[in-house]
Each structure stands twice: as structure tokens, then as C-alpha cells.
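**Q** Numbering (UniProt numbering), first residue to last: 1 to 297. All C-beta atoms, glycine included, are put in the ideal place defined by N, C-alpha and C.
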Amino acid sequence: MSSKELTTIIKEYSSSGTSESSCGDQLVVREFSNAYDEETDMGVVWNGDILPHSWYQEQIFNRRKAKRYEYKIKKAEAKDIYHMTPRKLSKALTFIDLSILQRITPNELVDYDGPGNTKCRNIRHMRSKNVGLTNFVSNELLREQNYKYFFKLLKHLERIGNYNSFYCIIKAFQMQKLDLKRLNTLSRHMEKSTSYFDMRQFLDDLTTANTFLICPMDVYIKDVEESNRTRNNEVASMRFCRLVEILIKLQSQTLDASISHADEHFLFSKFWHYFQRGSSSSRKPGTKKYDGQFLLI
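#1: Give the DSSP bridge partners of Asn162, in chain order.
#2: For the region 232-252 against the region 49-62, are there 3 or more C-beta pairs whose distance is under 8 Å?
#3: Relative to the C-alpha of Arg277, which candidate in Ser138, Asp49, Tyr69 and Lys181 has its C-alpha closest?
#4: Helix or strand or just coil, what does DSSP make of Lys152?
#5: Using only the alpha-carbon positions, how far apart do Ile60 and Ala66 sit?
#6: What did DSSP end up calling Gly48 once you bin it into helix, strand or coil?
#7: Closest to Thr185 by CA distance: which of Lys148, His156, Ser165 and Pro216 is it?
#8: For Asp198, is the classification buried or exposed, using 16 other Cβ atoms within 10 angstroms of its Cβ as the cut-off for buried?
#9: Since I believe Pro216 is in contact with Asn135 (beta carbons under 8 Å), could you give me their beta-carbon distance rounded to a whole number of angstroms?
#10: Could you work out which residue in Asn162, Ser128, Leu178 and Leu133 is closest to Gln145 when comparing CA atoms only?
#11: Buried or exposed: which applies to Glu108, given that a residue is buried once 16 or more other Cβ atoms fall within 10 Å of its Cβ?
#12: Distance, Cα to Cα, Glu191 vs Leu142?
#13: Can you look up Asp179 in the DSSP assignment and give me helix, strand or coil?
#14: Cβ of Phe151 less than 9 Å from any chain C Cβ?
#15: Between the C-alpha atoms of Phe271 and Ala236, what's the straight-line distance to the nearest angstrom?
#16: Any contact of the region 90-99 with the region 243-255, i.e. 3+ C-beta pairs under 8 Å?
#17: When you compare each of Lys222, Gln102 and Ile169 to Leu250 by their alpha carbons, which one comes out closest?
#18: Look up Asn233 in the DSSP assignment and say whether it is helix, strand or coil.
#19: Could you check the C-alpha separation between Asn130 and Asn122 for me, to the nearest Å?
#20: Does DSSP put Asp80 in a helix, a strand or coil?
#21: When the Cα atoms are used, what is the spatial distance from Ile100 to Phe240?
#22: Got a sec, what are the start and stop residues for the alpha helix (DSSP H) Gln277 sits in?
#23: Determine, using beta-carbon pairs with one atom in the region 109-119 and one in the region 219-230, whether at least three such pairs fall under 8 Å.
#24: Please work out which residues of its chain come closer than 8 Å, Cβ to Cβ, to Arg124, disregarding the five sequence neighbours upstream and downstream, and give them in chain order.
#25: In the structure shown, what three-state DSSP assignment does Lys222 receive?
#26: Is it the case that the Cβ atoms of Pro86 and Phe166 are separated by a distance below 9 Å?
#27: Is Asp263 buried or exposed, if buried means 16 or more other CB atoms sit within 10 Å of its CB?
#28: What residue from Ile73, Phe212 and Thr105 has the CA that sits closest to Glu245's CA?
Structure (C-alpha cells):
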């Protein structure tokens with residue numbers, strides 16, 4: 001991809017907007033407002049610059065039957081994760097990942113220079129969601145010790161091809177002190193998962209083959225950060241062009257899955273709570289853990 005072609009792509013992305021709509025109880029990709037970033041009588045309300053607001057919250061912000069949606073919000077937040085089967089949860093997480101991913105623009109890739117960047121809103125949304133998911137699952141493993149449920153979740157995420165949420169769950173397991181049996185189970189999941197070499201091949205074939213893949217976005221974002229630090233370097237420029245191509249391929253994918261507004265709000269509320277609270281770990285401070293290091297390019 002030449003620099004001229006890259007400029008054209010970025011301009012096309014900049015001029016295109018994301019519409020807001022919904023069909024029945026199925027979520028549709030939309031932009032999120034910035035209003036109300038504190039706790040109210042309507043339940044937990046979070047900063048929309050850090051994590052997307054839920055559809056229920058958007059209805060209240062737009063003054064649409066506030067009392068009705070306040071009730072729905074409180075009802076959703078009263079649930080626990082186990083009201084969803086691992087299969088259903090894997091689809092819900094994939095739907096959320098794809099919806100956030102599809103809002104990231106090449107302009108954000110150009111501007112992003114690290115976690116402290118507050119201008120690249122959609123990249124920030126993805127990072128916050130990933131941190132919240134890892135911390136939430138880590139807390140559930142420590143509190144409920146329902147390892148079987150989350151091992152099944154890993155299995156379904158792998159089948160779908162959502163390695164973004166897959167590795168968030170892996171990190172949550174790595175925070176726990178596992179016995180030999182569970183450690184072996186975790187190792188088997190990691191050994192069977194697609195390697196980054198295979199992921200690169202999948203990314204090359206996404207536009208031609210009937211495949212679906214969401215790569216670990218934290219690693220992808222790290223590649224963007226590193227490329228921007230050396231943007232005057234020819235190799236870095238080639239890497240950046242490659243990253244834009246990958247983004248376009250990832251965003252062009254479709255997924256035959258939906259998520260209810262209640263489950264969306266439930267998950268986002270958990271992501272926000274545990275994003276702020278931090279992780280729960282049974283490992284002693286300073287214990288080394290394996291943080292799979294991969295490179296996209």
C-alpha cells in the first residue's frame with residue numbers, strides 16, 4: 001500500500017459516520033454520547049470516554065421513558081454471570097469486541113501514542129473493556145472458583161475465533177494459583193489455540209476465505225504504539241500501512257450473533273466496576289507469570 005493510497009483510505013474513514021439504530025432486541029453499532037458520568041438513581045453510570053455507554057443508558061440520556069429504563073438497568077445489574085451459558089457469553093463478548101473494533105478509525109491509529117492518550121476514544125474503549133473483563137473473571141475465579149465454566153468459555157471463544165477475549169480470560173487464569181490438573185487444562189487450551197503465525201495467515205485470507213478472527217487487540221494496539229514512536233523510519237511506515245490493512249480486514253467481517261440490551265448493560269457494568277477496582281489474584285506479589293508475547297508483524 002502506497003502512502004497516497006493510505007491517505008485516501010484515512011480520508012474515506014474520516015468522512016464516514018456511524019449510524020445509530022436498533023432492530024428488536026439486537027444491538028447495532030452506534031456512537032455513544034458523553035453525558036452523565038457519575039452514579040445516579042438509575043444505577044451505575046460510567047465515563048463514556050473510557051467505556052461505551054449501554055443502550056439502556058442512551059435511552060435515558062435521550063429522555064426516552066427514563067423510569068422504564070431505570071428499572072431495566074437495576075434488574076440487569078442484579079444478575080450474575082452464570083445466567084448466561086458459556087456459549088452465549090462467548091457470542092456476547094465477540095459481538096461487543098467486534099462493535100468496538102468496527103468504530104476504530106485509521107485516524108486513531110495515526111494519533112495513538114500510548115495508554116495515556118485520551119483522544120483515541122475507541123482504542124481506549126477496547127483497552128478498558130479488556131482490562132475490565134480480565135479483572136472481572138479473575139475475581140470470579142477467586143471468589144466462586146468456577147473453573148469449569150470459564151474453561152468452557154475459552155473453548156467457545158476459540159471456536160468462534162475471538163482471540164481478543166480468549167487471551168483476556170487466559171490472563172485471568174494466570175492470576176490464580178492453580179493446581180496441577182487445572183494448570184494442565186489451561187496449558188492445553190493455550191497449546192491448541194491458534195499461533196500468531198496462523199493468525200497472520202488468517203488475516204491475509206479474511207477477504208477471500210470463509211473465516212472469522214479477532215486477534216488480541218492489546219497486542220495490535222501495542223504494535224500501533226511502537227510504529228508511531230518511530231514514524232520517521234521507513235520500516236515503521238511499512239508496518240503502519242500493514243496495521244491499517246489489518247484493521248480494514250478485521251472491520252469488514254460479519255458475525256451471525258446478537259446480544260440483548262439487558263446482557264449488554266450487565267457486561268458493561270461489570271467491565272466498568274472491575275476496571276476501576278482492579279484485579280483479584282491468589283498469587284503472591286512478585287510471582288512470575290507467563291504473559292504470552294506475540295507480534296503481529
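**A** In terms of the structure at hand:
#1: Looking up residue 162 in the sequence shown gives position 162. DSSP output for Asn162 lists Ile214 as bridge partner(s).
#2: no
#3: Translated into the one-based positions of the sequence shown, residue 277 becomes position 277. The shortest C-alpha separation from Arg277 is found at Ser138.
#4: The residue given as residue 152 occupies position 152 in the sequence shown. Lys152 falls in the helix class under three-state DSSP.
#5: For the purposes of this step, residue 60 is identified with residue 60 of the sequence shown, where counting begins at 1. For the purposes of this step, residue 66 is identified with residue 66 of the sequence shown, where counting begins at 1. Distance between the alpha carbons of Ile60 and Ala66: 5 Å.
#6: Sequence index remark: in the sequence shown, residue 48 carries index 48 (1-based). Gly48 falls in the coil class under three-state DSSP.
#7: Start at 1 with the first residue of the sequence shown, and residue 185 comes out as number 185. When each option's Cα is compared against that of Thr185, the closest is Lys148.
#8: As a first step, residue 198 is located in the sequence shown; it is residue number 198 there, counting from the start. With fewer than 16 Cβ atoms within 10 Å of its Cβ, Asp198 is classed as exposed.
#9: The residue given as residue 135 occupies position 135 in the sequence shown. The residue given as residue 216 occupies position 216 in the sequence shown. Contact doesn't hold; Cβ gap of about 17 Å is too wide.
#10: Counted from its first residue, the sequence shown places residue 145 at position 145. Gln145 has its Cα closest to that of Leu178, out of Asn162, Ser128, Leu178 and Leu133.
#11: Against the sequence shown, residue 108 aligns to sequence position 108. Buried is the call here.
#12: The residue given as residue 191 occupies position 191 in the sequence shown. The residue given as residue 142 occupies position 142 in the sequence shown. Distance between the alpha carbons of Glu191 and Leu142: 24 Å.
#13: Here residue 179 refers to the residue found at position 179 when the sequence shown is read from its first residue. The answer is coil: DSSP assigns Asp179 none of H, G, I, E or B.
#14: Looking for chain C here will not work: only one protein chain is present.
#15: The count along the sequence shown starts at 1 and reaches residue 271 at position 271. The count along the sequence shown starts at 1 and reaches residue 236 at position 236. Using only the alpha carbons, I get a separation of about 33 Å.
#16: yes
#17: Within the sequence shown, numbered from 1, the residue matching residue 250 stands at position 250. The option with the nearest alpha carbon to Leu250 is Gln102.
#18: Position 233 of the sequence shown, counted from the first residue, corresponds to residue 233. Of the three classes helix, strand and coil, the one that applies to Asn233 here is coil, per DSSP.
#19: Indexing the sequence shown from 1 puts residue 130 at position 130. Indexing the sequence shown from 1 puts residue 122 at position 122. Cα to Cα, the separation comes out at about 12 Å.
#20: What you label residue 80 is simply residue 80 of the sequence shown in a count that begins at 1. Looking at Asp80 - three-state DSSP - the assignment turns out to be coil, as it is neither helix nor strand.
#21: One-based indexing of the sequence shown puts residue 100 at position 100. One-based indexing of the sequence shown puts residue 240 at position 240. Looking at the two C-alpha atoms, the distance is approximately 20 Å.
#22: Within the sequence shown, numbered from 1, the residue matching residue 277 stands at position 277. Checking the sequence, you will find Arg at residue 277 rather than Gln. Start and end: His261 to Arg277.
#23: yes
#24: The sequence position of residue 124 within the sequence shown is 124, counting from 1. The residues are Asp49, Ile50, Asn117 and Thr118.
#25: Here the question's residue 222 lines up with position 222 in the sequence shown. Helix, per DSSP.
#26: Translated into the one-based positions of the sequence shown, residue 86 becomes position 86. Translated into the one-based positions of the sequence shown, residue 166 becomes position 166. For Pro86 and Phe166, no; Cβs fall outside 9 Å.
#27: Counting from 1 along the sequence shown, the entry for residue 263 is found at position 263. Its Cβ being crowded by 16 or more others within 10 Å, Asp263 is buried.
#28: To locate residue 245, count along the sequence shown from 1; it is residue 245. Closest by alpha carbon: Thr105.
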